[in-house]
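As given, the protein sequences belong to chains H and G, one line each in that order. Under this note's numbering, think of the first position of the first sequence as 9, with each following residue one higher. Under this note's numbering, think of the first position of the second sequence as 38, with each following residue one higher. Below: one structure, written as structure tokens.
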Amino acid sequence: MSVSLKRRILRRFLQNKSGVVGLVLLSIIVGMAVLADYLAPHDPLEQDIINRLKPPSWEHPMGTDEFGRDVFSRVVYGARISLMVGLVTVALATAVGVPLGLVSGYFGGLPDNTIMRAMDILLAFPGYLLALAIVSILGPSLMNAMIAVAIFLIPVYARTVRGIVLSVKNLEYVEAARIMGASHLAIIKDHIFLNVIPEVMVLSTFNIANSILIASALSFLGLGAQPPTPEWGAMVSSSRHYLMIAPWASLFPGTMILIAVLAFNLIGDALNDALRPSRMTS
Amino acid sequence: MRAGVLRYLAYRLIMIIPTMLAITFIVFFMIHLIPGDPIRAIAGLNASPEDIERIKRELGWYDPIPIQYARWLLRTLRGDLGVSIRTGKSVAEVISSTLPKTFELAVISMIFAVAFGIGLGTIAAYRKGTAIDTATIILSLLGASIPQFLIGLILIYIFGLKLEWLPTVGRLGPVYSWEGFKSILMPAITLGAYSAGLLARLTRTSMVKVLESLYITYARSKGLPQNVVLMRHGLRNALIPIVTVIGIQFGFLMGGAVIVETIFAWPGIGKQLVDAIISRDFPLVQGIVLVYTVIFIVINLVVDVLYAVIDPRVELR
């Protein structure tokens, strides 16, 4: 990609209001994750039963939960977990889904049919029922929830990438490379893969948002991160029984999930417009 | 109905068979995928070796996999989904007593999502660029990013705990009774929020495009009243691509009910599923996953066929 093209994409991205808002929100979350050790005034796991369910104060900016733990410190460390969940899940799904889509689209025939029918079957499960089924097999834990969400996302990548490959594999320059005697691997790597990158970037940004949302839902149900891990969904789940007397203990972590997911969705929208100006969404 | 539609329907019905077979095999095979000794995991830590042996014999564990699968499939086709390990009740019975309550919740959510989403989307498109349009865009964005359990908790906090207008948990009767209606309101809004946002955004986009088209200008220039232009000429055409989305969303609502039913202690099939997963009650998990997926596939089929019937331009393959 040439420098000027990169610059043009960057400019288009920064001119987009939603992209800038998304970046600001994301930098808050990333800042919390990176500087957690300095920002958090307390140990996120330290209990203080005497000071349980205390409202927000200077000492505890977001109050304390049912074990007297500092909600703000837990929220700050939770940023690490949610970012990690989003990135690892999407990396796993991309690593499996993109090659499947490339092979399926490029070679066609039997490999295409086999892969796509398998993807159809994964997509036949409604919503994140597939993720729930996988967790029920592997047992509840944060790692297993991430694996489940990754498997849930694989068909989305495979299908999208396959579609792009189909649209470019018969273009003249690909044909030319083939005539010049380039191997399949070289054609896929040098000529087809480049076309896939923008779409995969956009898709991955949205999927980070999705996987944070679904993984936090699994944790909320008790099927993901287990106590006392300061995972946002799990925090909402355990403190929600004290909603009447201590709404801060569940509403603050819940709002953090909203901010993180919103950040990636906004960036995804702006990235989509910047990388593919012909398909502007707004 | 056109002959093409019937042929399309027949084709789709035949194509469902391999998918259904694959789904049933995956659901059957789930139990074999449990790491370690599956039966020990299912039976629990307190199970004696005799218990484990008994469960293994009940499941026909020592037979070859294809035979186990064939036996399981035949039993399932007869409507026998096995027995819940935890409660000893028939899985089919548990499902038939809880599924209608989830269905009720999903239907009310869908009505809310359609009314709210399409209404807001239409107004936003008509008043493009105004404050109400911006508000719609922001609301639909929030709807896509907010965790369901956060909406649920905020609603419970405001309308249940502070204002005390609505009950916070349970299903207090059928939806047509006053108490039942009050108890379904918050769960339905929580469940439908995502779909409402999505429908608002899609309706807006679709409607903006339609309103710019020539036949709308023509209808206006004929001197037709504004609401006729908007409803009969505008919305009717704008809604065609949205019908499919509504159908798919209904399937997702059934799936999303898992969270909402947990928050509001709604006695539906989603809450059963979570309880079954946590207690490792595998026959129940298998039964629910299977029934859910079959419903989803059938809904998708109905939507596709409906789409072909509504819009004669749709190409039937």
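Every residue gets a Cβ at the ideal spot worked out from N, C-alpha and C, and that includes glycine.
Neighbouring residues, chain G, relative to residue i (Cβ below 8 angstroms)
{"i": "H/N273", "result": "L178, A181, S182"}
{"i": "H/S258", "result": "L190"}
8 angstroms Cβ cutoff, residue i in contact with chain G
{"i": "H/G171", "result": "no"}
{"i": "H/F91", "result": "The question names Phe, but residue 91 of chain H in the sequence shown is Leu. Output row for H/L91: interface = no."}
{"i": "H/Y85", "result": "no"}
{"i": "H/S255", "result": "The residue asked about is misnamed: residue 255 of chain H is Pro in this sequence, not Ser. Cβ-Cβ to chain G under 8 angstroms: yes for H/P255."}
{"i": "H/I145", "result": "yes"}
{"i": "H/I265", "result": "yes"}
{"i": "H/S149", "result": "no"}
{"i": "H/P64", "result": "no"}
{"i": "H/A132", "result": "yes"}
{"i": "H/R248", "result": "yes"}
{"i": "H/A282", "result": "no"}
{"i": "H/G232", "result": "no"}
{"i": "H/G189", "result": "no"}
{"i": "H/S224", "result": "yes"}
{"i": "H/F75", "result": "no"}
{"i": "H/G262", "result": "yes"}
Outcome for residue i when other beta-carbon atoms lying within 10 angstroms are tallied against a minimum of 16
{"i": "H/K62", "result": "buried"}
{"i": "G/I54", "result": "exposed"}
{"i": "G/I148", "result": "exposed"}
{"i": "G/E201", "result": "exposed"}
{"i": "H/H68", "result": "buried"}
{"i": "H/A242", "result": "buried"}
{"i": "H/Y46", "result": "exposed"}
{"i": "G/Q309", "result": "buried"}
{"i": "G/A294", "result": "buried"}
{"i": "G/D74", "result": "exposed"}
{"i": "H/H199", "result": "buried"}
{"i": "G/K246", "result": "exposed"}
Where residue i meets chain G, residues with beta-carbon distance less than 7 angstroms
{"i": "H/M252", "result": "L198"}
{"i": "H/T237", "result": "The premise fails here: H/T237 is roughly 17 angstroms from chain G at the closest Cβ pair, so nothing lies under 7 angstroms."}
{"i": "H/L221", "result": "P184"}
{"i": "H/Y136", "result": "G292"}
Three-state secondary structure (DSSP) of residue i
{"i": "G/T61", "result": "helix"}
{"i": "H/S191", "result": "coil"}
{"i": "G/T139", "result": "helix"}
{"i": "H/D78", "result": "strand"}
{"i": "G/V206", "result": "coil"}
{"i": "G/V212", "result": "coil"}
{"i": "G/T242", "result": "helix"}
{"i": "H/T213", "result": "helix"}
{"i": "G/S121", "result": "coil"}
{"i": "H/T72", "result": "strand"}
{"i": "G/S146", "result": "helix"}
{"i": "G/S127", "result": "strand"}
{"i": "G/W98", "result": "coil"}
{"i": "H/M92", "result": "helix"}
{"i": "G/I306", "result": "helix"}
{"i": "H/W66", "result": "coil"}
{"i": "H/A132", "result": "coil"}
{"i": "G/I71", "result": "coil"}
{"i": "H/M252", "result": "coil"}
{"i": "G/E258", "result": "The question names Glu, but residue 258 of chain G is Ser in the sequence shown. Helix at G/S258."}
{"i": "G/F66", "result": "helix"}
Chain H within 8 angstroms of residue i, Cβ atoms only
{"i": "G/F301", "result": "no"}
{"i": "G/L111", "result": "no"}
{"i": "G/Y163", "result": "no"}
{"i": "G/P278", "result": "no"}
{"i": "G/L190", "result": "yes"}
{"i": "G/M223", "result": "no"}
{"i": "G/P72", "result": "yes"}
{"i": "G/V295", "result": "yes"}
Pick from the options that is closest to residue i, judged by C-alpha positions
{"i": "G/H270", "options": "G/Q185, G/W202, G/Y255", "result": "G/Y255"}
{"i": "G/G154", "options": "G/L136, G/V64, G/V282, G/I104", "result": "G/V282"}
{"i": "H/L179", "options": "H/V269, H/V169, H/N203, H/Y165", "result": "H/N203"}
{"i": "G/L236", "options": "G/T299, G/G158, G/K259, G/P137", "result": "G/G158"}
{"i": "G/S177", "options": "G/G229, G/A80, G/L209", "result": "G/G229"}
Proximal chain H residues relative to residue i, where beta-carbon distance stays under 7 angstroms
{"i": "G/A59", "result": "I129"}
{"i": "G/L310", "result": "L140"}
{"i": "G/Y194", "result": "L251, P255"}
{"i": "G/V265", "result": "Correct list: empty, because the minimum Cβ distance to chain H is about 29 angstroms."}
Contacts that residue i makes with chain H (C-beta to C-beta distance below 8 angstroms)
{"i": "G/G234", "result": "Near G/G234 there are no residues of chain H at all, since even the closest Cβ is about 11 angstroms away, more than 8 angstroms."}
{"i": "G/G288", "result": "P134, G135"}
Partners in chain G for residue i, counting only beta-carbon separations shorter than 9 angstroms
{"i": "H/A217", "result": "A181, S182"}
**Study point:** Contacting positions in the stretch 331-343 of chain G - beta carbon closer than 7 angstroms to chain B
**Key:** Reference to chain B is not applicable here, since the protein chains of this structure are H and G.
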